[in-house]
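Residue numbers (this note's numbering): 300 to 645. These notes concern the structure reproduced below.
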Amino acid sequence: GGCSTAMEAEFRGIDEPGSWNAIYQEIRQQSSELPCKLAKLPENKTRNRYRDVSPFDHSRIRLQLGTNDYINASLISVEEARRSYILTQGPLPNTCGHFWEMVWEQRTMGVVMLNRVIEKGSVKCAQYWPPREVREAVFEDTNFKLMLVSEDIKSYYTIRQLELENLSTRETREILHFHYTTWPDFGVPESPASFLNFLFKVRESGCLSSDQGPVVVHCSAGIGRSGTFCLVDTCLLLMSMRKDPTSVHIRDVLLEMRRYRMGLIQTADQLRFSYLAVIEGARCIMGDASLQESWKELSNEEDVPPEFTPPLPRPRPPGLSVNGTVEPISFFPEIVVAQNDSHTRR
Numbered sequence: 300g301g302c303s304t305a306m307e308a309e310f311r312g313i314d315e316p317g318s319w320n321a322i323y324q325e326i327r328q329q330s331s332e333l334p335c336k337l338a339k340l341p342e343n344k345t346r347n348r349y350r351d352v353s354p355f356d357h358s359r360i361r362l363q364l365g366t367n368d369y370i371n372a373s374l375i376s377v378e379e380a381r382r383s384y385i386l387t388q389g390p391l392p393n394t395c396g397h398f399w400e401m402v403w404e405q406r407t408m409g410v411v412m413l414n415r416v417i418e419k420g421s422v423k424c425a426q427y428w429p430p431r432e433v434r435e436a437v438f439e440d441t442n443f444k445l446m447l448v449s450e451d452i453k454s455y456y457t458i459r460q461l462e463l464e465n466l467s468t469r470e471t472r473e474i475l476h477f478h479y480t481t482w483p484d485f486g487v488p489e490s491p492a493s494f495l496n497f498l499f500k501v502r503e504s505g506c507l508s509s510d511q512g513p514v515v516v517h518c519s520a521g522i523g524r525s526g527t528f529c530l531v532d533t534c535l536l537l538m539s540m541r542k543d544p545t546s547v548h549i550r551d552v553l554l555e556m557r558r559y560r561m562g563l564i565q566t567a568d569q570l571r572f573s574y575l576a577v578i579e580g581a582r583c584i585m586g587d588a589s590l591q592e593s594w595k596e597l598s599n600e601e602d603v604p605p606e607f608t609p610p611l612p613r614p615r616p617p618g619l620s621v622n623g624t625v626e627p628i629s630f631f632p633e634i635v636v637a638q639n640d641s642h643t644r645r
């Protein structure tokens, strides 16, 4: 249809001259800088994985139990699409209980995890669900218990069924855990097809629908890979809802979403990938439903997963110790990459 051709023309107009970096920097300059006072309070230092990735005060999720309601998580609401997402950092060892409390209180049915626990030798996220050998975990600080019911392991993602129990009320709920296992930090998925195959699995489960609580999406900081996932889903949803799908502009949607959480989409290449995935996904939504089957084929999900034998985490450089706690490290690389176009950097 005409919609993907307009977007394809825009894509080519950026791709051929190699302007992704310029476009990405422009988005960064136009993004909202809103207050994050709560994140910066000294008592919340240990609740942040990275000192430079914070939720804005106006859109932060508040915990309902206990005396401190702070968690590094933001609600992104796309009113027109009737879709809400909670984007959050990969839980820390001391925030796993808060994470499951949030899932419970927000009536979330699905958790989307886009990172691995260990990447390039460093810990990106706590193991916040029970591995197969253990089967259950109890979070005593917030009084929740989690059981692993089943897991379906594909070549590049795993879907787990979890049972979350509120030990205070003895109520239980089923939570689906969608874990993308091969998306590199600051990188892009293998192909739009494999990403879309995963996204449509999440969609088909019903956990994104507006009659459920918001889906919880995280990677390590909850901005780069997580932002890419939500941007593509939202753009495809808006294209399917509007009379004129060509009126959906990826950049405008991203700027709107960045009003709710800083830094969504971390590289020019992730922006470029978002365009590719939306263009490809739109072909399916606009009538060629057979594409979904071909994404599944192309994704090779039935292959044997690569063996990840993660190296032991490198010892963290000694942070400045503030009353016994290690300072959170920065997420953003200290070295600024030369302003040449990024998608040549692999």
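Yeah, the Cβ is synthetic: ideal placement off N, Cα and C, and Gly gets one too.
- Judged by DSSP secondary structure, A567 falls within the alpha helix (DSSP H) whose first and last residues are 567-584.
- In the displayed model, Y384 falls within a strand according to three-state DSSP.
- Looking at the DSSP output, T407 sits in a beta bridge with G512.
- For Y427, same chain residues with a beta-carbon under 7 Å away, outside a window of 5 residues either side, are P390, C395, F398 in chain order.
- When C-alpha distances from Y384 are compared across D351, V501, A576, S546, the shortest belongs to V501.
- Under the three-state reduction of DSSP, H548 is assigned to coil, being neither helix nor strand.
- Here E400 is buried, its C-beta having at least 16 other C-beta atoms within 10 Å.
- An exposed status is given to L340, since fewer than 16 other beta-carbon atoms sit within 10 Å of its beta-carbon.
- Using a Cβ distance threshold of 8 Å, V411 and M561 do not count as a contacting pair.
- Taken through DSSP and simplified to helix, strand or coil, V416 comes out as coil.
- In this structure, N414 sits near S519, with a CB-CB distance shorter than 8 Å.
- Apart from the 5 residues on each side of it in sequence, M408 sits with its Cβ closer than 6 Å to the Cβ of C506, Q511 in its chain, given in chain order.
- The residue among A567, Q460, K453 with its C-alpha nearest the C-alpha of V603 is K453.
- In the DSSP annotation of this structure, D351 is not part of any beta strand (DSSP E), being labelled neither H nor E.
- For H476, the closest C-alpha among the options T468, P483, S490, L445 is that of L445.
- Looking from the CA of A436, the closest CA among I417, C424, L466 belongs to L466.
- In this structure L374 does not touch Y574 by the C-beta definition: roughly 26 Å separates them, more than the 8 Å allowed.
- Within the model, the alpha-carbon separation for R434 versus I417 is close to 20 Å.
- For D484, the closest of F497, T471, G521 by C-alpha to C-alpha distance is G521.
- Only residues of its own chain outside the window of five on either side were considered, and among them G396 have a CB closer than 8 Å to the CB of E439, listed in chain order.
- In this chain, the beta strand (DSSP E) harbouring Y369 covers 369-377.
- The secondary-structure analysis by DSSP pairs N465 across a beta bridge with F443, E470.
- Remark: C-beta atoms of L463 and T471 approach each other more closely than 8 Å.
- Where F438 is concerned, the enclosing beta strand (DSSP E) starts and stops at 435-438.
- The beta carbon of N347 lies closer than 7 Å to those of A338, S353, N371, P627 in the same chain, with the five residues before and after it left out.
- Taking the CA atoms as reference points, M585 sits about 11 Å from M540.
- The alpha-carbon of E489 is positioned some 11 Å away from that of A576.
- Just so you know, the alpha carbons of N367 and L590 end up roughly 47 Å apart.
- Proximity to Q388 across I360, L536, S508 peaks at I360, based on C-alpha coordinates.
- Residue pairing by DSSP places Q460 opposite S449, L475 in a beta bridge.
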